[in-house]
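Protein sequences appear in the order of chains H, L, F and U. Just so you know, the first sequence maps onto residues 3 to 203 in this note's numbering. Just so you know, the second sequence maps onto residues 3 to 203 in this note's numbering. Just so you know, the third sequence maps onto residues 3 to 203 in this note's numbering. Just so you know, the fourth sequence maps onto residues 3 to 203 in this note's numbering. Quick reminder that beta carbons are idealized off the backbone N, C-alpha and C, glycines included. Since this is a predicted model, take the numbers as computed values, not measurements. What follows is a short report on a single structure.
There are 4 protein chains.
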Amino acid sequence: MGMPLRVVALVGSPSRPSSTAAVVSQILNELPDSIGRTLVSLNDIPAEALLSGNLNEPTLQAAIEAVEAADGVVIGTPIYKASLSGLMKSFIDTLPQYGMADKVVWPVGTGGSLAHALALDYGVRPILQSMGARHIIQSAFFNPADLTVPEGGTLKQHLAGNPRYVEALRHFVIAVSADRPLPFLGHPQPDRAGTDPRNAA
Amino acid sequence: MGMPLRVVALVGSPSRPSSTAAVVSQILNELPDSIGRTLVSLNDIPAEALLSGNLNEPTLQAAIEAVEAADGVVIGTPIYKASLSGLMKSFIDTLPQYGMADKVVWPVGTGGSLAHALALDYGVRPILQSMGARHIIQSAFFNPADLTVPEGGTLKQHLAGNPRYVEALRHFVIAVSADRPLPFLGHPQPDRAGTDPRNAA
Amino acid sequence: MGMPLRVVALVGSPSRPSSTAAVVSQILNELPDSIGRTLVSLNDIPAEALLSGNLNEPTLQAAIEAVEAADGVVIGTPIYKASLSGLMKSFIDTLPQYGMADKVVWPVGTGGSLAHALALDYGVRPILQSMGARHIIQSAFFNPADLTVPEGGTLKQHLAGNPRYVEALRHFVIAVSADRPLPFLGHPQPDRAGTDPRNAA
Amino acid sequence: MGMPLRVVALVGSPSRPSSTAAVVSQILNELPDSIGRTLVSLNDIPAEALLSGNLNEPTLQAAIEAVEAADGVVIGTPIYKASLSGLMKSFIDTLPQYGMADKVVWPVGTGGSLAHALALDYGVRPILQSMGARHIIQSAFFNPADLTVPEGGTLKQHLAGNPRYVEALRHFVIAVSADRPLPFLGHPQPDRAGTDPRNAA
């Protein structure tokens with residue numbers, strides 16, 4: 003019997019409350035009980051440690067370790083200026099170059115308008131791909147209409163009526179569970195110190 | 003007689019020394035004397051203010067005002083994970099939605115390998131375009147070979163032998179100077195408070 | 003006194019009638035009388051010549067020469083599968099590697115939903131940028147609501163009420179006219195035979 | 003016992019011989035015997051049928067049906083102008099909007115320089131993603147150095163020494179085989195006639 007599966011969900015919105023955080027929390031709630039879960043609000047990480055890449059700062063260190071230990075990663079980001087948030091990218095920059103290797107990744111975004119729907123696939127997915135992700139499932143983009151809960155309802159009920167969300171959630175769970183036997187090999191195994199991209203430029 | 007032209011150069015590398023900073027400084031040195039210039043090292047801005055978008059913090063406020071006052075903007079960023087640095091994106095997120103309107107913009111990137119050459123055009127340019135930039139000139143990407151100065155030489159001499167750099171620099175100066183009569187109209191004029199993207203998501 | 007300015011507008015929709023063609027035709031109608039204009043419907047080019055890159059076929063040859071002679075180029079394409087049409091890309095593939103050098107380019111797209119709005123900036127603009135375009139102005143994307151003319155009206159009247167269109171049209175005319183003194187140098191001047199990309203792969 | 007697995011490999015290079023075709027053929031050779039395989043050279047499809055989307059033309063019809071029947075699809079394209087070939091995009095435009103649903107897809111590209119390495123992830127992957135692909139594995143990009151076989155060797159031997167290729171090939175086979183139980187649901191099942199994108203624009 004192996005280790006239990008784990009999912010970490012990253013929230014890259016600097017604001018509180020945040021619709022990104024609401025969606026991502028709901029995603030975690032809907033995972034099967036057999037999957038362990040961790041929510042990381044990136045704005046809980048001290049800003050100075052995040053931007054300087056101080057990997058010894060405990061909160062940042064814990065967040066990086068949560069990603070390392072995860073089988074599945076939810077990348078929850080608001081779409082600002084047609085791309086991911088600076089907060090999310092700053093955290094991603096602290097991860098190893100192949101920090102998504104052997105993981106299933108789900109890009110989840112919230113934005114002010116349907117016009118930003120392609121930002122996840124064009125602007126965020128290539129970043130995650132460069133990190134060696136084993137399987138990046140269909141992105142889920144939510145605009146305000148997608149998240150406006152009718153009076154008397156809950157976000158859970160509202161999202162249950164969104165077929166793209168339901169489909170993507172199902173894919174994520176299946177991929178996290180079923181793909182597990184596939185190890186990521188071939189690339190040299192980086193140790194973190196040696197691949198800090200800040201050494202390069 | 004009008005106001006003198008101004009260029010601001012942003013350096014989005016968290017490391018010191020930084021090859022991005024070296025290239026960007028050299029660019030500023032080569033501008034004609036008639037153009038005023040400001041170098042903004044984004045890692046001089048307090049990290050907490052940057053990530054929380056505290057527009058009252060004096061260093062951040064000064065950087066934003068330098069962009070607002072500029073006719074030309076050099077976006078100098080290392081390429082991390084196939085895109086711009088989190089530091090650069092975090093600063094961009096503090097600018098108004100159309101914060102590049104009426105400006106000439108030059109994306110300048112440094113990366114560990116020629117394999118990242120397209121990151122500026124695919125990953126960074128659409129961000130700047132979404133901000134209403136009037137004219138984004140040809141990107142300039144530098145890998146380590148482009149920046150390794152032969153013994154006894156200077157970076158200035160070395161770059162002078164790089165035709166793509168020389169060409170792009172010339173374009174930038176002409177575009178900053180000549181395009182000036184073109185105001186950006188049509189979009190509602192945003193005031194900063196009203197367009198903080200953090201309100202949206 | 004110099005040569006009169008010229009604009010060529012390419013229509014990359016394989017269908018007739020085509021909303022892309024309607025928008026692009028209207029754009030040509032609104033150019034000042036001093037600017038010469040040519041409309042090229044890419045589906046008038048024999049398909050075999052286009053896909054095999056037979057540069058001796060007269061219709062294809064004429065289209066390529068129209069681009070070469072132009073100061074401004076309108077790239078009119080439907081958005082299919084989140085990117086430009088195969089017809090448009092097939093024509094672009096017959097142009098020299100730096101076939102947009104010294105030109106002002108305007109990406110214009112039509113799509114079934116606002117959700118494809120970013121396809122022009124993320125999927126099409128980098129292609130044009132790789133061809134050395136001097137100035138690619140703000141893209142203009144139209145979804146069906148943008149093009150549904152109210153009863154009794156004309157497309158011209160309808161578009162006149164679209165500030166993004168009006169703004170981009172104005173930018174295009176100014177850029178075609180005013181930027182002209184800026185030659186594209188520095189890159190080796192390609193002759194067409196030598197740069198047929200088909201030689202490479 | 004189910005149907006045998008099937009892989010179709012599309013070659014989008016208009017030239018013969020073609021390095022894209024050589025790589026893709028080698029990929030098919032290395033698949034396990036249990037997997038059926040079909041190579042489709044897109045330049046065998048009559049150009050007129052391809053560009054006009056004449057789905058009754060037998061060669062085009064056969065190619066579309068080969069994709070429909072496939073569990074895995076290799077998208078083999080030369081990189082022209084920083085993106086996929088017009089020939090490949092023209093064929094993709096004839097497929098249904100969700101024509102990659104329930105399939106494992108492998109983007110494979112050949113280009114003149116390492117500088118185009120990101121074109122697959124930024125320029126091609128979002129297209130395939132928009133078609134509902136279940137799993138798009140790591141892209142494989144080959145520049146001329148990757149494909150220059152030492153004297154006395156074979157392409158097979160040469161590629162066997164390329165760890166990124168070996169890794170991606172292994173992933174592709176595992177994903178085609180193991181992911182199969184995952185049906186693509188949720189999106190309305192399109193019939194081809196109703197989703198011809200040419201209806202839209």
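Delimiting residues of the alpha helix (DSSP H) encompassing residue i
i, result
"L33/L", "First-last for L33/L: undefined, no H or E at that position."
"R172/L", "P165 to A180"
"S92/F", "G88 to T96"
"L122/F", "Premise fails: L122/F is in no alpha helix (DSSP H) and is neither H nor E."
"L44/U", "Where L44/U is concerned, there is no enclosing alpha helix (DSSP H), given that its DSSP letter is neither H nor E."
"L149/H", "P146 to L149"
Residue i, DSSP secondary structure in three states
i, result
"R127/H", "helix"
"S132/U", "helix"
"V69/F", "helix"
"I138/F", "strand"
"L161/F", "helix"
"L12/H", "strand"
"T61/H", "helix"
"G188/U", "With a pLDDT of 36 at G188/U, under the threshold of 50, the predicted position of this residue should be treated as unreliable, though the coordinate-derived value follows. It is coil, neither helix nor strand."
"I37/U", "coil"
"A103/H", "strand"
"S17/H", "coil"
"S27/H", "helix"
"E153/L", "coil"
Chain-ordered neighbours of residue i on chain F, where CB pairs are closer than 8 Å
i, result
"R127/L", "D123, R127, P128 and Q131"
"N45/U", "L53 and S54"
Proximal residues of chain H, C-beta to C-beta of residue i below 9 Å
i, result
"A84/F", "L120, D123 and Y124"
"L89/L", "L53, G88, K91, S92 and D95"
"E50/L", "P48, A49 and E50"
Amino acids of chain F, ordered along the chain, whose beta-carbon sits closer than 9 Å to that of residue i
i, result
"L116/H", "S115, L116, A117 and A119"
Spatially closest choice to residue i from the options, by CA coordinates
i, options, result
"D73/F", "P146/F, W108/F and T79/F", "W108/F"
"A24/H", "D35/H, G38/H, V42/H and R136/H", "V42/H"
"Y100/H", "A177/L, L53/L and A84/L", "A84/L"
"L44/F", "L53/U, G38/U, R39/U and I37/U", "L53/U"
"L205/U", "L97/U, P19/U and S179/U", "A question about residue 205/U goes unanswered here, because the residues of chain U that appear run from 3 up to 203."
"G55/H", "G38/L, L33/L and R18/L", "R18/L"
"N31/U", "Y82/U, T150/U, T156/U and A65/U", "T156/U"
"R8/L", "S21/L, D35/L, S27/L and Q28/L", "D35/L"
"Y82/H", "L171/H, T22/H and Q159/H", "T22/H"
"A64/F", "Q159/F, V10/F and G88/F", "V10/F"
"V168/F", "R39/F, P152/F, D148/F and I37/F", "D148/F"
Start-to-end residues for the beta strand (DSSP E) that takes in residue i
i, result
"G111/H", "V106 to T112"
"P80/L", "G74 to P80"
"I54/H", "In the sequence as displayed, the identity of residue 54/H is Ser instead of Ile. Segment A49 to S54 is the alpha helix (DSSP H) holding S54/H; no beta strand (DSSP E) there."
Neighbour list for residue i in chain L, Cβ cutoff strictly below 7 Å
i, result
"H137/F", "H137"
Chain F residues whose Cβ lies nearer than 7 Å to that of residue i
i, result
"P6/U", "Per Cβ cutoff of 7 Å: no residues; P6/U is ~29 Å from chain F at best."
"P16/U", "L53, S54, G55 and R200"
Cβ of residue i within 8 Å of any chain C Cβ
i, result
"P128/L", "Reference to chain C is not applicable here, since the protein chains of this structure are H, L, F and U."
Say whether the region 129 to 142 of chain U touches the region 3 to 14 of chain U, bearing in mind that this needs 3 or more beta-carbon pairs closer than 8 Å, one atom from each stretch. no
Using a Cβ distance threshold of 8 Å, determine whether the region 112 to 129 of chain L contacts the region 56 to 74 of chain L, with at least three qualifying pairs required. no
Could you tell me whether the region 125 to 137 of chain L touches the region 120 to 140 of chain F, where touching means 3 or more Cβ pairs closer than 8 Å? yes
Would you check if there are 3 or more beta carbon pairs closer than 8 Å linking the region 47 to 65 of chain U to the region 56 to 65 of chain F? no
At least 3 beta-carbon pairs within less than 8 Å: the region 97 to 111 of chain L vs the region 75 to 85 of chain L: yes
Assess, as a yes-or-no matter, whether the region 14 to 31 of chain U is touched by the region 87 to 97 of chain U under the definition of 3 or more beta carbon pairs within less than 8 Å. yes
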